[in-house]
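Numbered according to the working numbering, the sequence shown spans residues 63 to 429.
Every residue gets a Cβ at the ideal spot worked out from N, C-alpha and C, and that includes glycine.
For clarity, every value in this text was computed on a predicted model and none was experimentally measured.
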Amino acid sequence: MVCPDCGVDVPEKQKFCHECGASLKGVTEPTEEFDSAAPDEPESLELPKLSDLPTAEINPRDPLPEPEWSAPGPTDPTEVLEPAETSPEDTDVMAATSAVATADDYAVTEQIEVAGSAATSTEEIPAVFDGQDDLAEYAPAREPFRLKLVFILAFFGAITVLMSAIANVTDIRTTRPTSGITTGVSTLETFGSNLPIAGFVGAAVMVIGGLLACFGFRWGAGLAGGAGLALFGWAAMAIGLAEFPIAVAESITRTSSESFTLTVTRDLGWWLIASVGIVGLLVFASSLRSIGTGSYVPLNPWVAAVGAVTTVVLAAGPLVPVGQASFADNFRSPTANIDLPTAYFAGRLAQVGLIALAGVVGFLIVR
C-alpha cells in the first residue's frame, strides 16, 4: 500500500502517513469480499395489463377543519345616529341646493350633428426623397473593345481598294490598228482621275466605322455599312467604265469590213474592283447586327418620312431622261453602233436601288 499523496509505502491499518501526515482512511483498511449474486431475470418481458394490477381499498377520511384565520369574526355593533337639529334657514338652503342638483342631473340635452368637410389645399406636397433633383440619367455602360466581323471585312476591303488602284484593269489588243478602238493597258485612273481618291475615302470611312463598332458604338457600325454600300456603287461604276471601251471594241469588230483579231483581257485590277463591291455588301450585311438607337432619342416620325421620300427622289433623279434621251435608255444601248453590256446597266440600276434602299431603311430605323 502507498500513500496517495506522497507515494510512500505504508503498513496495513495505519491511519495517517508518517511522511506527509495525510489521512489514509479507506486506503489501509482491509476490505471484505462480498458474494455476488446473479440478477433476477423476469419471467416475461411483456408489461401487465392495467386491469390485472392489484388495487388497494381507499378508506374515506374526515375533512380537514378550516383554519382559524378564515372564520368570520364577530360583527361590531353599529351606532344609530340621530339627525342633528337644523334651523329653518338651513333647511331652505339645503332644499334649494338639492333642487338645483336634481335639475342639472336630469336635464334633457339636444344632440347636434357636426358634418365633417374634407380639407383642401393648393400647396404642392414635397417629394419624399429630397435628393431627386440630384439624380441624373446616365447612358448605359459601353461594352469593352471586342473584335467584330464588320471591322475585319472593312480592313480587307481597304487593302483591296489600295491594290486595285495600282493594278491593271483591262488590256485591249488588235492585230492591226483600227479606228475607234482604244488599245493598251488601262488602270483605274484611266477611266477617271478621281476614282482612286473616291475609293480611298470610302475605304477609310469603312475602316474607321468598323473600328468604332468594336468599341461598342452602334453608329460606327452604321457608318461602316454605309461606306460599304458606297464602295459597292463605286465598284459597279468602275466596272461599267471599264466595260465601255470593251463593248465599243467588240461592236466595231463585228461591223468592220476588214478582218483583224481583237484580244480583250480583264486583268487583276478588274477582279479586285469586283471584290471591293462584294466586300462592301458583306460589310453592310454584318453592320445590320448592330441595328438600334444606341440610347439616343429616336428621330421624329415626320422627319424620318420626309428624309425617306427625299432619298427616293434623289435616287430616281439619274433615271430621268434629258434632251433626246428616253427612259428606255436606262436599260439598253442608245445606238446600234454602241452595244453596251448588260452588266453596265445592271450595275447602274443596282447603284441607284441601293442608294434608295439604304436611305429609306436608315431613316425608318431611327424614327
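Asked	Found
Which first and last residues belong to the beta strand (DSSP E) in which Val326 is found?	Leu324 to Arg328
When you compare the CB positions of Ala304 and Thr236, do they come within less than 9 Å of one another, or not?	no
Any idea if Ala79 is buried or exposed, counting beta-carbon neighbours within 10 angstroms, 16 or more meaning buried?	Note that residue 79 corresponds to Cys in the displayed sequence, not to Ala. By the 10 Å Cβ count, Cys79 comes out buried.
Check Phe78 in the structure and name its three-state DSSP category.	strand
Leaving out the 5 sequence neighbours to the left and right, which residues in its chain are closer than 6 Å to Val64 when beta-carbon positions are compared?	Asp71
Quick one: what's got a C-beta closer than 8 Å to Trp332's C-beta in the same chain, skipping five residues either side?	Val231, Thr232, Ile301 and Ala304
If you follow the alpha helix (DSSP H) that Arg280 is part of, which residue opens it and which one closes it?	Arg280 to Thr317
I need the DSSP call for Arg238, collapsed to helix, strand or coil.	coil
Could you compute how far the alpha carbon of Ala286 sits from the alpha carbon of Trp296?	15 Å
Whether or not the segment 317 to 325 and the segment 422 to 429 are in contact is what I'm after, with contact meaning three or more pairs of Cβ atoms, one per stretch, closer than 8 Å; do they touch?	no
Report the three-state DSSP secondary structure of Gly246 (helix, strand or coil).	strand
Among Thr222, Val310, Phe213 and Arg238, which one has its Cα closest to the Cα of Gly278?	Phe213
With burial defined as no fewer than 16 other Cβ atoms inside 10 Å of the residue's Cβ, what is the status of Arg410: buried or exposed?	buried
Around the C-beta of Ser452, are 16 or more other C-beta atoms found within 10 angstroms, so that it is buried, or is it exposed?	Outside the displayed range of the chain (63 to 429) lies residue 452, so it cannot be described from this structure.
Does the beta-carbon distance from Thr252 to Ile314 come in below 9 Å?	no
Buried or exposed: which applies to Ala413, given that a residue is buried once 16 or more other Cβ atoms fall within 10 Å of its Cβ?	What sits at residue 413 in the sequence shown is Gln, not Ala. Buried, by the Cβ-count rule.
Within the same chain, show all residues whose beta-carbon is closer than 7 Å to that of Arg328, passing over the 5 residues directly before and after it, in chain order.	Thr232
Under 9 Å, do Phe306 and Leu381 count as touching if we go by C-beta distance?	no
If you measure between the beta carbons of Ala229 and Ala265, is that distance less than 9 Å?	no
Would you mind reading off the limits of the alpha helix (DSSP H) that contains Cys65?	Taken as a continuous stretch (DSSP letters only), Cys65 belongs to no alpha helix (DSSP H), as it is neither H nor E.
Within this structure, are the beta carbons of Ala298 and Gly339 separated by less than 9 Å?	yes
Since Val345 and Met268 are thought to touch, with beta carbons under 8 Å apart, how far apart are those beta carbons, to the nearest angstrom?	6 Å
May I have the straight-line CA-CA distance separating Ala311 from Arg238, to the nearest angstrom?	13 Å
Need the endpoints of the alpha helix (DSSP H) that Val223 sits in, please.	Leu211 to Ile228
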